[in-house]
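Colleague: Numbered according to my numbering, the sequence shown spans residues 209 to 350.
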Amino acid sequence: MESIGVLMTCPPPDAYLVEQLEKRFTLYKFHSIPDKAHFLNSNKASIRAVVGSASAGADAQLIHQLPNLEIVSSFSVGLDKIDLAKCKERGIRVTYTPDVLTNDVADLAIGLMLAVLRRLCQSDRYVRSGQWKKGDFKLTTK
C-alpha cells in the first residue's frame, strides 16, 4: 500500500511531531525545500494532507497545485494562513486547535496586570541592582 504524502509547510514545533508523522506517512518538509515549484510538480499526486501553523498554512495557489488534497491541518489556534474558501470549494477538510490556549492567555493577562499594578518588574530591577540597601523604593498600594 502506498504511503500517504503529508506536506509540512512550516518548521515543526518539536522533533516529536516530525517523528510521529514520519512513522505513519511520507513527510515532505516543504519549508526547507529550495525549489518548491519543481518539488510540487514532481510530488503533487502523492500529497493528500497539508500540515501548517500560524506562520505557514495553505493558500489558494498551493491548494490548487495539489489535486489529491483531502485535509489541511494547523497546529495553531488561528486559520489566517489557510484559504478556507478554496478548501470549501474543493471539499477539503480543515482542522485546527481552537481554544487550546484560552485559559493560559487569560492567566497571563491577569499576571501582567498584577505585575503592572504592583510594579513587579521595577521592584525586581531595584533588588537585583543592589539599590534595596538604600531602602528608598516606594511601596505600591492597593
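Where is the CB? At the ideal position from N, CA and C, for every residue including glycine.
Rounded to whole angstroms, what is the Cα-Cα separation between N249 and Y236?
Modeller: Along the sequence shown, one-based indexing puts residue 249 at 41. Along the sequence shown, one-based indexing puts residue 236 at 28. Separation of N249 and Y236 (C-alpha to C-alpha, rounded to the nearest whole angstrom) is 13 Å.
Colleague: Classify T305: buried if its beta carbon has 16 or more other beta carbons within 10 angstroms, exposed otherwise.
Modeller: Within the sequence shown, numbered from 1, the residue matching residue 305 stands at position 97. Looking at its Cβ environment, which holds fewer than 16 other Cβ atoms inside 10 Å, T305 is exposed.
Colleague: Please name the residue, chosen from A245, C329, R301, that lies closest to Q186 on a Cα-to-Cα basis.
Modeller: Residue 186 cannot be examined here, being either before or after the span of the chain that is shown, 209 to 350.
Colleague: If I'm right that L274 touches I255 with Cβ under 8 Å, what's the distance once you round it to whole angstroms?
Modeller: Within the sequence shown, numbered from 1, the residue matching residue 274 stands at position 66. Within the sequence shown, numbered from 1, the residue matching residue 255 stands at position 47. Their Cβ separation, rounded to whole angstroms, is 5 Å, which keeps L274 and I255 in contact under 8 Å.
Colleague: Mind checking who G286 pairs with in its DSSP beta bridge?
Modeller: As a working mapping, residue 286 is identified with position 78 in the sequence shown. In DSSP, G286 forms no bridge with anything.
Colleague: Taking all protein chains shown into account, do 16 or more other C-beta atoms lie within 10 angstroms of the C-beta of S284, making it buried, or fewer, making it exposed?
Modeller: Position 76 of the sequence shown, counted from the start, is the residue given in the question as residue 284. Result: buried.
Colleague: State the Cα-Cα distance for the pair K341 and Y334, rounded to the nearest angstrom.
Modeller: For the purposes of this step, residue 341 is identified with residue 133 of the sequence shown, where counting begins at 1. For the purposes of this step, residue 334 is identified with residue 126 of the sequence shown, where counting begins at 1. Rounded to the nearest angstrom, the two C-alpha atoms are 10 Å apart.
Colleague: Assign L299 to one of three DSSP states: helix, strand, or coil.
Modeller: Walking along the sequence shown from the start, residue 299 turns up at place 91. It should be noted that the sequence gives Gly, not Leu, for residue 299. Coil at G299, not helix or strand.
Colleague: Specify the secondary structure class of V313 as computed by DSSP and reduced to three states.
Modeller: If you number the sequence shown from 1, residue 313 lands on position 105. V313: helix per DSSP, three-state reduction.
Colleague: DSSP puts M321 in a beta bridge; with which residues?
Modeller: The residue given as residue 321 occupies position 113 in the sequence shown. Per DSSP, none; premise fails for M321.
Colleague: Cβ atoms of V214 and A174: under 9 Å apart, would you say?
Modeller: The shown model of the chain, from 209 to 350, leaves out residue 174, and the question about it has no answer.
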